[in-house]
Amino acid sequence: MARIILLSLLSALTLVASTSILGKGLYQIPSTVQNGTSQAQFISSATGLDAPKVQPINGSAFDWWYFDVVSTDPTVLSSVVVTFFTSSQNAFPLLDASDSITVARIWVTFLNGTRWSAESDGDSATVRAAGDGSSGVWHGTGFSWIGTPAAGYVVAIDAPHIGVTGSISFRSVAPGHYPCGPIEAGQNMQVGPGIGWANAIPDAAASVNLSIGGTKLAFTGTGYHDKNWSDQVFTANVATWYWGHGRIGPYSIVWFDFIDVTGAEFVSAYAAKDNAIITASCTLGSINVRPTGQNATFPPVISTGNPSGYHIDMDLGADGKFAVDVGVLAPLNGVNPVYARAIGNISGEVVPVDGTATTRLTGMALFEQFKLTQ
Ligand SMILES: *[C@@H]1O[C@H](CO)[C@@H](O)[C@H](O)[C@H]1NC(C)=O
Ligand SMILES: *[C@@H]1O[C@H](CO)[C@@H](O)[C@H](O)[C@H]1NC(C)=O
Ligand SMILES: *[C@@H]1O[C@H](CO)[C@@H](O)[C@H](O)[C@H]1NC(C)=O
Ligand SMILES: *[C@@H]1O[C@H](CO)[C@@H](O)[C@H](O)[C@H]1NC(C)=O
Ligand SMILES: *[C@@H]1O[C@H](CO)[C@@H](O)[C@H](O)[C@H]1NC(C)=O
Ligand SMILES: *[C@@H]1O[C@H](CO)[C@@H](O)[C@H](O)[C@H]1NC(C)=O
Ligand SMILES: *[C@@H]1O[C@H](CO)[C@@H](O)[C@H](O)[C@H]1NC(C)=O
């Protein structure tokens, strides 16, 4: 099944890549920062969930497409993250200085947790939006993607110049959503002030088949795809955030707990089961994410270390209350006082509304935190 989707998506990718006529839904993005003001979209349209949301990309704007997979086997520390950036370092300070704003990046961990990463600067990028899906080609990098929220995505990489070839396929197992609700027109797309977020794939049955510097990296896991954007510099809006996704028992979950530069808290809670949304809410109280164990200072600041894990309380409505613990198993980036990404195991239980017996559920997750204030 995954293989059939992979093949049909790859043949569609060939069609898209050979399209040269600029038309509706086709975006050519130059590799240099553009002068003037950017227009950012923060209210959803009837379609276009995965389309570019900021045009043009000026010196304070960012818009990118993010994909990841974490192994569902807790004894296997394999993971992959691929991001297609259209952003300058000025807009998003975690980027390396580069002449190109159309940069493709990959980070992996091997089975034993060893990290490897590389990036490639593009000459320009082409994004094609179709329905709520999209395809993208970062010219000169060898990185491309294609897919839709309903079916899934394929990321194809042919980048021998940085030692990476192969593909990653994502077969969707949970409906896409916006920060406050399902995919539909008129949704608020700001997860916090000035930060746009659209989650095409909250969870996927993902299959990774890559060659990394001559070493094979092949595994299956829980996959994810989203995009985020702003017309303002990232650090102008964000003080702290906790984000992550995982699969735990029959549930696919995504969490966001965000503190802005004024100290105000914003959240987004998502859970799905049997490919149907149970909750997709940005109401305060729908979710609460707090650090646990070592360095559990909240809110965290630049000088506080990374925590051992997180505790998440999520309201599942008629399904009850979800209490989830996340434990860090392997960091996905090196020491960085403002940013940490990791994979970990998760466990928890749903307490039904009528208070009847709970079942302990376990799974794996990929998550991150920013802490940008002193
Ligand atoms: C932006 O403006 C500067 C100064 O006027 C100019 O040198 C540069 O070429 C412009 N860049 C673009 C992409 O138009
Ligand atoms: C980019 O556009 C935004 C939105 O119009 C504007 O607020 C910002 O100042 C612009 N940035 C630059 C560097 O011109
Ligand atoms: C971990 O796995 C990678 C990839 O197979 C290998 O290159 C590396 O030597 C391994 N490290 C250890 C400590 O075994
Ligand atoms: C993985 O990629 C290699 C090289 O591209 C290919 O020969 C092989 O068939 C792929 N395996 C799967 C399971 O897709
Ligand atoms: C966007 O979201 C991804 C994960 O969903 C995260 O890795 C990235 O740091 C976020 N960045 C911004 C600027 O929103
Ligand atoms: C807690 O912070 C200290 C100091 O930054 C660090 O050495 C330690 O590894 C952190 N603990 C965890 C679980 O990351
Ligand atoms: C993660 O796995 C370890 C080792 O099995 C276990 O001790 C720990 O309780 C688990 N943590 C979570 C949050 O499930």
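Counting with our numbering, you get residues 9 to 382 for the letters of the sequence shown. Cβ coordinates follow ideal geometry from the N, Cα and C atoms, glycine included. Quick caveat: nothing in here was measured; it's all calculated off a predicted structure.
May I have the straight-line CA-CA distance separating residue i from residue j, to the nearest angstrom?
i: I154; j: D333; result: 34 Å
i: A288; j: H253; result: 13 Å
i: V62; j: R368; result: 43 Å
i: L30; j: A193; result: The predicted position of L30 is uncertain, since its pLDDT is 47 and thus under 50; a value taken from the coordinates is nonetheless stated next. One C-alpha to the other measures close to 25 Å.
i: V275; j: T291; result: 7 Å
i: G121; j: V135; result: 33 Å
i: A164; j: I191; result: 26 Å
i: A331; j: W205; result: 25 Å
i: P307; j: S108; result: 34 Å
i: V297; j: H319; result: 6 Å
i: V88; j: W115; result: 6 Å
i: A348; j: D321; result: 21 Å
i: S180; j: G371; result: 18 Å
i: S142; j: G160; result: 11 Å
i: V77; j: D129; result: 23 Å
i: D123; j: I220; result: Residue identity differs from the one stated: residue 123 is Arg in this sequence, not Asp. Approximately 11 Å between the Cα atoms of the pair.
i: Q97; j: G363; result: 50 Å
i: V41; j: G67; result: 6 Å
i: A365; j: L119; result: 36 Å
i: G313; j: G33; result: 44 Å
i: Y250; j: F266; result: 6 Å
i: V4; j: W72; result: In this structure the chain extends from 9 to 382, so residue 4 is not present and cannot be described.
i: V359; j: N283; result: 21 Å
i: Q377; j: Q47; result: 28 Å
i: A277; j: G44; result: 36 Å
Return the bridge partner residues of residue i from the DSSP annotation.
i: S125; result: W115
i: N353; result: G335 and M372
i: G229; result: S79 and A214
i: A279; result: I261 and T287
i: G144; result: V135 and W153
i: S219; result: T173 and K224
i: Q377; result: Y250 and A348
i: N120; result: In DSSP, N120 forms no bridge with anything.
So, is residue i buried or exposed, given that buried needs 16 or more other C-beta atoms within 10 angstroms?
i: S311; result: exposed
i: N344; result: exposed
i: T230; result: buried
i: E127; result: buried
i: G216; result: Note that residue 216 is Val in the sequence shown, not Gly. V216 should be labelled buried.
i: R255; result: buried
i: D131; result: exposed
i: T117; result: buried
i: A99; result: buried
i: V361; result: exposed
i: T305; result: exposed
i: I286; result: buried
i: G144; result: buried
i: I65; result: buried
i: A105; result: exposed
i: L392; result: The question about residue 392 has no answer, for the chain in this structure spans 9 to 382.
i: H233; result: buried
i: T388; result: Within the shown structure, residues of the chain are numbered from 9 to 382, placing residue 388 beyond reach of any answer.
i: L102; result: exposed
i: T156; result: buried
i: T94; result: buried
i: D166; result: exposed
Look up residue i in the DSSP assignment and say whether it is helix, strand or coil.
i: F242; result: helix
i: A326; result: helix
i: P345; result: coil
i: V361; result: coil
i: V269; result: coil
i: I310; result: coil
i: Q302; result: coil
i: A247; result: strand
i: G130; result: coil
i: G317; result: strand
i: G160; result: strand
i: T367; result: coil
Taking only beta-carbon positions, decide if residue i is within less than 8 Å of chain B.
i: T230; result: Reference to chain B is not applicable here, since this structure consists of a single protein chain.
Which full runs of the beta strand (DSSP E) of 3+ residues lie inside the segment 165-217, going along the chain?
Runs of the beta strand (DSSP E) lying entirely within the segment 165-217 and spanning at least 3 residues, in chain order: 172-180 and 198-200.
Give the list of continuous beta strand (DSSP E) stretches no shorter than 3 residues that lie fully inside the segment 28-111.
Qualifying beta strand (DSSP E) stretches, in chain order: 34-38, 70-79 and 87-95.
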